[in-house]
Amino acid sequence: MGSNGEAQQLEGLARELALSVLIHGPLSRRELAERLGVSPATLTRISAPLVERGLVSEAEEPLEGRLGRPARPLDIVPAAHTFIGVKLAADALYAVKTNLRAEILASRNAELTSQDPAKVVEQIATLVHDLASDHEITGVGVSLGGNTPDHAVVSRAPFLRWADVPLAALVAERIGHPTVIENDLVALTVAEQWFGEGRDLDNFAVLTMGAGVGYGLVIHRRLVTSPDVGIGLVGHYPVDPEGPWCAEGHRGCADTMLSINGVRAQAAVAYRRPLDYNEVMELAEEDDLAASAIVRQSGLALGRLIAAVANLTMSQRIVVSGEGVRLAEIAHDAVLEGIQRDRDPAASPVGLVIQPHDSDLWARGAASVAIQQFILAGAPA
Ligand SMILES: [Zn+2]
């Protein structure tokens, strides 16, 4: 192998090392050498430049030494780099500043004042500037509900009436930091994969309830992506044979049963007046008859959707998240009943995690994509 090839191989291993300690650290040198399939001497060669640059350090706490000599594990230095994530919603922008481990250091949000791309970029720039204060920013991630096939151009985002907006370039030009764009559901899944519930799992899924129903999947530690990410395909998955009809002509699809507007539409029929989502949830909590029935049916429907995901993808854990997650909390028993209906009694229990709603989680997803880009594309080179 020529020296070029060797340099490239070391670079690849350095990235792998940074990634391993980022996600699983602290790790002993022995564990790391095993994970990377290299000798202790090679490991030292790979880690030395990363330690020198302050990206990786020896942890303070020694792990149990094997031969009496305490081994100090290697870990990422979370404060070595700072990132900003921005989630663009229909009526607001949510932004967070994080360290390398996607831990939130500060957050800001703002009402979206215009859908004009130039004005949205201005609002993003203001938030980034406010959050950055005296921190040097390594990268910025922006997420939104739409298609972003090359992580640079928003090819389609109907909620903003956007088509082919080169958002990454516009933002990067305006703020002077590397910027990456991602679908919001993918970004949320990346955050769980690297820094959350999926950290130690081969297979897991994320289901979100909000304006629509979202779905993200990691199989064999790889995020499953497709050009159709952003269309919200799981929204039309049938979950209740007796549910209401959606605009596309499906009966009881996930959108009609689980989205915020789906639940509100059912409540409006029952109460003969418009109700907001929280009002429906409060009525259900007070055992009001009609709201309780709606929430119970939706809980059962969510359970069946969870069971379908578990049955078809063999996910070890399913994370339920989003601004409509209160339904899963209130109708928890119905959710479990719905899972049970469609799951073989001999099957392993579904690892269900219901994540309390926090709009910062979406922005943290956007920051996670910027961190991923930094580690996989550039960091240790
Ligand atoms: Zn439908």
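All residue numbers for the sequence shown refer to the working numbering, where the first residue is 277 and numbers rise by one. All C-beta atoms, glycine included, are put in the ideal place defined by N, C-alpha and C. Treat the numbers as computed from the prediction; the structure is a model and nothing was measured.
- Item | Complete alpha helix (DSSP H) runs within the segment 436 to 520 (minimum length 4 residues, chain order) | 443 to 451, 460 to 471
- Task: Can you give me the start and stop residues for the beta strand (DSSP E) that V418 sits inside?
- Result: 413 to 420
- Query: If you compare alpha carbons, which of G600, R602, V396, L628 is closest to E613?
  - Reply: L628
- Query: Which residues in the same chain have their Cβ closer than 6 angstroms to the Cβ of P632, if we skip the five residues on either side of it in sequence?
  - Reply: none
- Message: Suppose the cutoff is 6 angstroms on Cβ atoms and the five residues either side in sequence are ignored; what does the same chain contact list for A657 look like?
- Response: Low confidence applies here, because A657 scores a pLDDT of 46, under 50, leaving its location unreliable and the question unanswered by this model.
- Message: For I299, tell me which candidate among I352, V396, G417 has the shortest Cα-Cα distance.
- Response: I352
- Query: What did DSSP end up calling G575 once you bin it into helix, strand or coil?
  - Reply: helix
- Would you kindly report the start and end of the unbroken beta strand (DSSP E) that includes S597? 593 to 597
- Item | Stretch-stretch touch, CB-based, cutoff 8 angstroms, three pairs: the segment 353 to 368 with the segment 419 to 432 | yes
- Task: Compute the minimum distance between the beta carbon of G511 and the heavy atoms of ligand 1, and state whether it is under 7 angstroms.
- Result: yes
- Query: Are L576 and A610 close, meaning C-beta to C-beta below 8 angstroms?
  - Reply: yes
- Which two residues bound the contiguous alpha helix (DSSP H) that contains E336? Neither: E336 is in no alpha helix (DSSP H) and is coded neither H nor E.
- Task: Name, in chain order, the residues that DSSP records as bridge partners for T320.
- Result: None, per the DSSP bridge assignment.
- Alpha-carbon to alpha-carbon, L578 and H411: 42 angstroms
- May I ask you to report which of helix, strand or coil DSSP gives A657? Unreliable positioning characterises A657 in this predicted model, as indicated by a pLDDT of 46, which lies under 50. The coordinate reading is nonetheless provided below. In this structure, A657 counts as coil in the three-state DSSP scheme.
- Could you give the DSSP three-state label for T589: helix, strand or coil? helix
- Message: Would you call the segment 478 to 497 in contact with the segment 596 to 607, where contact means no fewer than 3 C-beta pairs closer than 8 angstroms?
- Response: yes
- Query: Under the criterion of a Cβ to heavy atom distance below 7 angstroms, does D531 qualify as lining ligand 1?
  - Reply: yes
- Query: When the Cα atoms are used, what is the spatial distance from M277 to T589?
  - Reply: The predicted position of M277 is uncertain, since its pLDDT is 47 and thus under 50; a value taken from the coordinates is nonetheless stated next. The alpha-carbon atoms of M277 and T589 are separated by roughly 41 angstroms.
- Whole angstroms is fine: what's the gap from I647's alpha carbon to H453's? 13 angstroms
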